[in-house]
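Quick notes on the structure that follows.
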Amino acid sequence: MKNCIRRSKQRFSGWFSGNFINYIYNFFYFRLKSIKKEIVRSERAFAARAQRKLLKEEATKDLPKRLGPHKFKDPDLEVKLSDEIEGSLRKLKPEGSLLDDRLKSFQKRNIIEPRKKAKSKRRYALKKQVKRRFKAPV
């Protein structure tokens, strides 16, 4: 039993002696340059990442946000060609639909999410029947 206790004392006594503390001190003292370089490198990387984030936010600031599963798509401008334009502005008829324009405006301002027309689905598949009068080509 005494041998076990003595061995453990000897094992841990070296850790707190002057040699071990000097070893740790020297280890970190000679690593100071590399530690400083690592800190500078990580700070530069952090600054570059922050700069990229700011640029990305500036670029996407004016774009509408994504509210639903679909992205907002700008509508095509509805204009008349030069041969379709009549002589006076009073005779000019408006193009497009007011309702569609308001809907697109709401979607662009993130008031409602962009939507697509829902497709109707069948509850069950259609049955296929072969008529008697139909003859397959031979």
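The working numbering numbers the first residue of the sequence shown as 63 and each following residue consecutively.
The beta carbon of each residue, even a glycine, is placed where N, CA and C say it ideally should be.
For Asp37, the three-state DSSP class (helix, strand or coil):
Residue 37 cannot be examined here, being either before or after the span of the chain that is shown, 63 to 200.
Asn65 versus Lys99 - alpha carbon distance:
Sequence index remark: in the sequence shown, residue 65 carries index 3 (1-based). Sequence index remark: in the sequence shown, residue 99 carries index 37 (1-based). Taken atom to atom, the span from the alpha-carbon of Asn65 to that of Lys99 is near 48 Å.
Ile173 versus Ser150: straight-line alpha-carbon distance, rounded
In the sequence shown, the residue the question calls residue 173 occupies position 111. In the sequence shown, the residue the question calls residue 150 occupies position 88. So the alpha carbons of these two residues sit roughly 37 Å apart.
Express the C-alpha separation of Leu125 and Glu157 in angstroms, rounding to a whole number.
As a position in the sequence shown, residue 157 is number 95, starting the count at 1. As a position in the sequence shown, residue 125 is number 63, starting the count at 1. Cα to Cα, the separation comes out at about 25 Å.
Does DSSP put Tyr186 in a helix, in a strand, or in coil?
Translated into the one-based positions of the sequence shown, residue 186 becomes position 124. Tyr186 falls in the coil class under three-state DSSP.
Would Leu139 and Glu148 be called neighbours here (beta carbons separated by less than 8 Å)?
The residue labelled residue 139 in the question sits at position 77 within the sequence shown. The residue labelled residue 148 in the question sits at position 86 within the sequence shown. In this structure, Glu148 does not lie closer than 8 Å to Leu139 by Cβ.
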